[in-house]
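Now the structure itself:
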């Protein structure tokens, strides 16, 4: 009896959801809706037929050719990272494709694994030195 109860509840939920999916869309809703951003005194375009809804958001003329605000937030400013550090990041990102890389795509992969271990060891030592120097 206790085993059939969850199956009964699941079957009832399945039937209710199937009935909801089977319903037709509301015939009173328009077939097409358009959202636009207009700038300055530009007119909002009119709907081409009565089945279309046009929604316009108005922004000032000074914003017309600007990058949108959500894309303007640049977390990594140009001057915040030295070019040498950027070079190191790029070099590390493409290292697996070059000779002496520890991967199957680069040539001499067996020696690259040894070099990778040495690089990791030296970067860990540098991090330990920085940590040791930062303690008063």
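Residue numbers (mature numbering (1 follows the signal peptide of the UniProt record, and there is no 0)): -22 to -1, 1 to 114.
Here a beta-carbon is modelled for each residue, glycine too, at the ideal position from N, C-alpha and C.
(message) Measuring alpha carbon to alpha carbon, tell me which residue in 49, 101, 16, 102 is nearest residue 32.
(response) Nearest C-alpha to residue 32: 16.
(request) May I have a chain-ordered list of the beta strand (DSSP E) segments no shorter than 3 residues that lie completely inside the region 9 to 80? (result) Scanning the region 9 to 80 for uninterrupted beta strand (DSSP E) segments of 3 residues or longer gives 10 to 17, 30 to 37, listed from N- to C-terminal end.
(request) State whether the region 62 to 71 contacts the region 45 to 52, with contact taken as three or more CB pairs (one from each stretch) at a distance under 8 angstroms. (result) No, because fewer than three Cβ pairs between the region 62 to 71 and the region 45 to 52 fall closer than 8 angstroms, the two stretches do not touch.
(message) Between 19, 28, 21, 20, which has its C-alpha nearest residue 10's C-alpha?
(response) If we check each option's Cα against that of residue 10, 28 comes out closest.
(request) Measure from the alpha carbon of residue 89 to the alpha carbon of each residue in 98, 77, 100, 99, then state which is nearest. (result) Checking every option, the nearest Cα to that of residue 89 belongs to 77.
(request) Report the rounded CA-to-CA distance for residue 105 versus residue 96, giving the unit in angstroms. (result) Whole-angstrom Cα-Cα distance: 14 angstroms.
(message) What would DSSP say about residue 96, mapped onto helix, strand or coil?
(response) Note: residue 96 maps to helix in three-state DSSP.
(request) Could you pull out every residue in the same chain whose Cβ sits closer than 8 angstroms to the Cβ of residue 38, ignoring the five residues on either side in sequence? (result) Cβ neighbours of residue 38 within its own chain (closer than 8 angstroms, five residues either side excluded): 17, 18.
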